[in-house]
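**Q** Here it is, the structure in full.
Number of protein chains: 2
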Amino acid sequence: MKAIINVPLKNGVLDPQGKAVEHALGSLGFNNVSGVRIGKQIVLDIDAASKDEARKELTKMCEELLANTVIEDYEINLNDKCESAK
Amino acid sequence: MKAIINVPLKNGVLDPQGKAVEHALGSLGFNNVSGVRIGKQIVLDIDAASKDEARKELTKMCEELLANTVIEDYEINLNDKCESAK
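What follows is the structure, given as structure tokens:
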């Protein structure tokens, strides 16, 4: 089962990387852009009996390792396309 | 207009960060996970007259700055919810 986990910074947490990119875009002439925020996207395959079980496991992984929940949120998207394509 | 740009590594490009995370997940007891790949997700607001124009601008930004097209792909998702919510 394919899982896509988005790990954005929480609202209100300063994003210097995003600010730098925004500034660089401005220097390149893209002045119509604002509020640039940069997060992680983690894609993985997980072996689980059901979507519910996979989601439970992935939540644990996010809490323990994938996201720093002090400053980051996480959002889990499950896609069983790969499973049905077997 | 809100834009979400996903920048994953191209297939075949080695992902040491993903490998490290996969290994760490294994150490934590999550042995049912494979093929971990880590990419960027960029969220920004863009001022454009139409979705088509915004997509054109964003494609340019990806080619020039946001993605390293030698090793990374990019995917642009546009969401005009913010526009209609004004």
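Note that the protein sequences, when read in sequence, are chains U and B.
In this text, residue positions in the first sequence follow this note's numbering: the first is 1, and each later residue adds one.
In this text, residue positions in the second sequence follow this note's numbering: the first is 87, and each later residue adds one.
The beta carbon of each residue, even a glycine, is placed where N, CA and C say it ideally should be.
Keep in mind the model is a prediction, meaning the values are calculated, not measured.
#1: Pick out whichever of U/Leu25, U/Ile46, U/Asp52 and U/Leu44 has its Cα sitting closest to the Cα of U/Arg37.
#2: For U/Leu28, which of B/Thr155, B/Glu108, B/Asn92 and B/Cys148 has the nearest alpha-carbon?
#3: Using the Cβ count rule (16 or more neighbours within 10 Å means buried), how would you classify B/Pro102?
#4: Which value, in whole angstroms, describes the spacing of the CA atoms of B/Gly121 and U/Leu58?
#5: Please compile the residues from chain B whose C-beta is within a distance smaller than 7 Å of the C-beta of U/Lys10.
#6: Assuming the contact rule is C-beta atoms closer than 8 Å, U/Glu75 and U/Leu9 should be a hit. Round their C-beta distance to whole Å, please.
#7: Drop a sphere of 10 angstroms on the beta-carbon of U/Asn93, count the other beta-carbons inside from all chains shown, and report buried for 16 or more, exposed for fewer.
#8: Does the Cβ of B/Leu100 have 16 or more other Cβ atoms within 10 Å, making it buried, or fewer, making it exposed?
#9: Anything in chain U within Cβ reach of B/Val156, meaning under 8 Å, just list it in chain order.
#10: Please classify B/Asn163: does DSSP put it in a helix, a strand, or coil?
#11: Could you confirm whether any beta carbon from chain U is found closer than 9 Å to the beta carbon of B/Ile39?
#12: Would B/Leu100 pass as an interface residue toward chain U - the criterion being a Cβ-Cβ separation below 9 Å?
#13: Compute the Euclidean distance between the alpha carbons of U/Asn31 and U/Lys40, then round it to the nearest angstrom.
#14: I'd like the list of long-range same chain contacts for B/Ile128, defined as Cβ closer than 7 Å, with 5 residues on each side in sequence excluded.
**A** Concretely, from the data shown:
#1: Mapped onto the first sequence, residue 37 of chain U falls at position 37. Minimum Cα distance to U/Arg37 is reached at U/Leu25.
#2: Counting from 1 along the first sequence, the entry for residue 28 of chain U is found at position 28. It is B/Cys148.
#3: Looking up residue 102 of chain B in the second sequence gives position 16. So B/Pro102 ends up on the exposed side.
#4: Counted from its first residue, the second sequence places residue 121 of chain B at position 35. Counted from its first residue, the first sequence places residue 58 of chain U at position 58. B/Gly121 and U/Leu58: Cα-Cα distance of roughly 14 Å.
#5: Within the first sequence, the letter at position 10 stands for residue 10 of chain U. Those do not exist, as U/Lys10 stays about 13 Å from chain B at its closest Cβ, beyond 7 Å.
#6: For this step, residue 75 of chain U is matched to residue 75 along the first sequence. For this step, residue 9 of chain U is matched to residue 9 along the first sequence. Actually they are not in contact, since the Cβ atoms of U/Glu75 and U/Leu9 sit about 13 Å apart, beyond 8 Å.
#7: Chain U is shown from 1 up to 86; residue 93 of chain U falls before or after that span and cannot be answered.
#8: Here the question's residue 100 of chain B lines up with position 14 in the second sequence. With fewer than 16 Cβ atoms within 10 Å of its Cβ, B/Leu100 is classed as exposed.
#9: As a position in the second sequence, residue 156 of chain B is number 70, starting the count at 1. Near B/Val156 there are no residues of chain U at all, since even the closest Cβ is about 18 Å away, more than 8 Å.
#10: Position 77 of the second sequence holds residue 163 of chain B. Looking at B/Asn163 - three-state DSSP - the assignment turns out to be strand.
#11: Outside the shown range of chain B (87 to 172) lies residue 39 of chain B, about which nothing can therefore be said.
#12: The sequence position of residue 100 of chain B within the second sequence is 14, counting from 1. Taking Cβ atoms only, chain U never reaches closer than 9 Å to B/Leu100, which makes this a no.
#13: In the first sequence, the residue the question calls residue 31 of chain U occupies position 31. In the first sequence, the residue the question calls residue 40 of chain U occupies position 40. For U/Asn31 and U/Lys40, the distance between alpha carbons rounds to 25 Å.
#14: As a first step, residue 128 of chain B must be located in the second sequence, where it is residue number 42. Around B/Ile128: Ile91, Val93 and Leu152.
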